[in-house]
Every structure is written in C-alpha cells, then in structure tokens.
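The numbering used here numbers the first residue of the sequence shown as 63 and each following residue consecutively. Backbone N, C-alpha and C fix where the C-beta goes; we use that ideal spot for every residue, glycine too. Here's the structure we're looking at; comments come further down.
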Amino acid sequence: MTPELHGAVTRTSATAAPRNGTAGLAGGAVAAAGTGTATEGETVPTVPPGEYTAETVDVASLLERGRTLTTPVLRAAVDRLAPPMDTVAAYHFGWIDAEGNPAEGDGGKAVRPALAVLSAQAAGAAPQVGVPAAVAVELVHNFSLLHDDLMDGDEQRRHRDTVWKVHGPSQAILVGDALFALGNEVLLELGTVEAGRAARRLIAATRALIDGQAQDISFEHRERVTVEECLEMEGNKTGALLACAVSIGAVLGGADDRAADTLADFGYHLGLAFQAVDDLLGIWGDPQATGKQTWSDLRQRKKSLPVVAALAAGGPASERLGELLAEDAKSSDFENFSEEEFATRAALIEEAGGRRWTSEEARRQHTIAIEALSAVDMPGRVRAELVALADFVVVRKR
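What follows is the structure, encoded as structure tokens:
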C-alpha cells in the first residue's frame, strides 16, 4: 500500500471561501481555466466556474513576458562581474557558447520571473515593479544550479555541458557565490523600505534552499528516508524560493506582510508540486525534453519522492527495490551499470506505487496552493494568470 496522503487531491475552485479572511491587495476574484495531462496521463480537472467567467490564459506568453522583462536587467547585473566570471555566467545563462560566441541557449522555464512579475500586479502595481524581484530570485536560483550541478556531478543542463564541466569546479563555485551576492544587491540598491523587506525574505529563502540541499545530499547516504523528511527537504530546496518569488514582487508593489505571507503560502505549495513533477521527470522524463540523461535521479542515488514513497509502501516490489538499493550503496559509482539495470529499478518504483503516489502528491500540493491563493484579494485577471501558471507546473514535461 502506498503512503497515505494527508488530504484530498481534488482540485478546488480559486474562488472558494477564504479560510482565514482575505488578505488585502486589490479587488476581484476569478476562477481559472485550463486542463492538462499530468504525468502518467492523469487529467488535472479544471476549476469550476466561480463568480467571474474564467479567461483563457496563454501560459507561454506569460512565461515569455517574464523572461523579456527580466533578461535585460539580468544581463546588466551579470555584466558587473569581473572577468572571467562574467563570461562564465553568460555561458551558464545560455547567452554565449563555450567559445564565447553569441548563442540562443535555453534559459530555463522562467516560472519564477513570471510569478514575481504577477505578484507585483497582484498588489496593484505595474509589472515592471516586480522586475527587480524577478532578477534577484533568478540570480539566487542560478547560484543554486551552478553548485548543485557540481555537487551532483551533472554534466548536462539545458542540453549543454554544465559550467563545471566546461570551466572547471572553481569557476562554478565562484560564479555561484557571485550570483548570490548580486541577487541581494539588485534588491538593496533600490534603497526603499520595501526593498529591505524583500531582501530579508530572499535571504531567508536562500538559507532554506541551502538547508534543503544539505538534506538532499545526506539522504543519498541513508538507507531509509521517510516521506515526511523528503517533503521537508523539497519544501526547503524548491518551495522556499518559489514562495519568495511570488511574495517579494508583491512586497515591492506595496503589499503588507499578511498578503505577502499568503502569497508565499501559495508559492511554497506550488514549489512542492513543482518538485514532485521534477522528481517524476528525473526518473521517467524524456531526455530530449529535460536535457538530462535517462534515469537521471537514479544515477545520482537520489532519495526523491517516487523512491521514498515506493520504499515506504511495503509489498514484494518495495522489498526488492530496497534490497537492490542497499546493494547499490556499496558500489562507488554506477559507471558499469547497464540501462537495463536502471530500467529494472524504475519499474520496481512504479510497481510499488511510487510513481502514482508522487503524481497524486503533485496534484494535492497544487490544490493546497490554489486554496491559499483564494484568500488573497487581487484583480481577477491576475488571479486567473497565477492559477494558469500553477496548472502549468503540474502538467509540464520538462
């Protein structure tokens, strides 16, 4: 039997009655449109019609707007770095190739910038007000990617060699540190009270992110990890920064702490849904879409949600999986493992119920996020766009 879920997984309306009153931003409420096919072909239900008719939201345009508004300011921040860190960072962001020639690399999904810009609008401000928040969060996020790739030994990210593979471990460490510092600079140089509040949230989120990475690494050397421990780790590693992204844009836009905290609650649970989908893609994702190797997380011995849930489930497949992983732990590396051996482990995880449980957990966290959003007063169009982004998180394939 798979681990028990701590709540229903049915999607609820974005216009449901607020649980603790309505946090003050701007007026209006609207349900969101959109269906999608989640991992394993499971349908994510639409939000039932609410007080307002839901508008169809073009998520690709939302993501592109966040990227378009953010990139010039992000480039200007990176240009402050001393050589060779400026070119190493530019390579990481996909702006140049390994030889320094201009490139049109994959800059990532841009979910965080889109959330930061929308959160400023949720506070009644112009989208541009959220740009420093978007840039700051992107800088911190990419600091974590540079260090994660090195610690995990990942040689590919976004369909190209990682920074440590091209420029060496030292540059990956230094550029990561520099991006972290830049993220705080971008906010603090605004010189406003709101910027100080936003910076405090960013620093707290960064500390949580680092805690999560430390937990993640420690889990690789443990035979057993509980589902609760795994969710705590993923909340730190992914939920905290998404919570920051969707709250500090609102802070810069003048939102009070109550409203910002409620938006952060939305972002935190959205981050857990995001990471659950990432965990599914880390085992069963298409390398052409993800830009990573097949069975990526299994190669790194990750105690991700599907693995932890499968081990906790009990039954023959769970027990056999536990035996194999215990034997794997005695090996110094997986270089001599065949694709069939990784496929066997993935099949056991699925047979034990780990894949299905993780897919359900992604939808459960998505539901909690939408419920949190219903407690924030904001323009109807902005609400619809935030819900559409949340829907995208649980149906994406990369």
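- By the Cβ neighbour-count rule, Thr-254 is exposed, with fewer than 16 other Cβ atoms within 10 Å of its own.
- DSSP lists Arg-219 as the beta-bridge partner residues of Arg-222.
- Taken through DSSP and simplified to helix, strand or coil, Val-287 comes out as coil.
- Annotation for Ala-379: the continuous alpha helix (DSSP H) segment containing it runs 378-390.
- Here Val-150 is not near His-221, since their CB atoms are 8 Å or more apart.
- Taking one beta carbon from each stretch, the segment 160-177 and the segment 282-290 have fewer than 3 pairs nearer than 8 Å; the two do not touch.
- Proximity to Asp-273 across His-283, Thr-300, Ala-257, Gln-337 peaks at Thr-300, based on C-alpha coordinates.
- DSSP places Arg-417 inside the alpha helix (DSSP H), whose first and last residues are 416-435.
- DSSP, read as helix, strand or coil, puts Val-438 in strand.
- Looking at the backbone, the Cα of Leu-244 and that of Ala-198 are separated by about 7 Å.
- Taking the CA atoms as reference points, Val-449 sits about 19 Å from Arg-129.
- For Asp-214, the enclosing alpha helix (DSSP H) stretches over residues 193-214.
- Beyond the five residues adjoining it in sequence on each side, Val-308 comes within less than 8 Å, by CB distance, of Leu-177, Ala-178, Leu-180, Ser-181, Leu-325, Ala-326, Phe-328, Gly-329, Leu-332, Leu-448 in the same chain, given in chain order.
- Boundaries of the alpha helix (DSSP H) around Asn-246: 231-250.
- Between the alpha carbons of Leu-249 and Phe-454 lies a gap of roughly 28 Å.
- For Glu-412, the enclosing alpha helix (DSSP H) covers residues 401-413.
- Taking a cut-off of 8 Å on C-beta distances, the segment 343-361 does not touch the segment 430-441, as fewer than three cross pairs fall below it.
- For Pro-189, there is no enclosing alpha helix (DSSP H), as DSSP marks it with neither H nor E.
- By the neighbour-count criterion, in which 16 or more other beta carbons inside 10 Å mark a residue as buried, Ser-280 falls on the exposed side.
- Take the alpha-carbon of Lys-171 and the one of Met-213: they are about 22 Å apart.
- Restricting attention to Ala-266, Ala-321, Leu-314, the CA atom closest to the CA of Asn-298 is found in Ala-266.
- Counting other Cβ atoms within 10 Å of its Cβ, Thr-118 stays below 16 and is therefore classed as exposed.
- A Cβ-Cβ contact shorter than 8 Å links Met-147 with Val-237.
- Each residue's CA atom was taken as its position, placing Asp-210 and Gly-377 some 34 Å apart.
- Annotated three-state conformation of Pro-164 is strand, per DSSP.
- Taken in chain order, the whole alpha helix (DSSP H) runs of length 4 or more contained in the segment 133-177 are 147-154.
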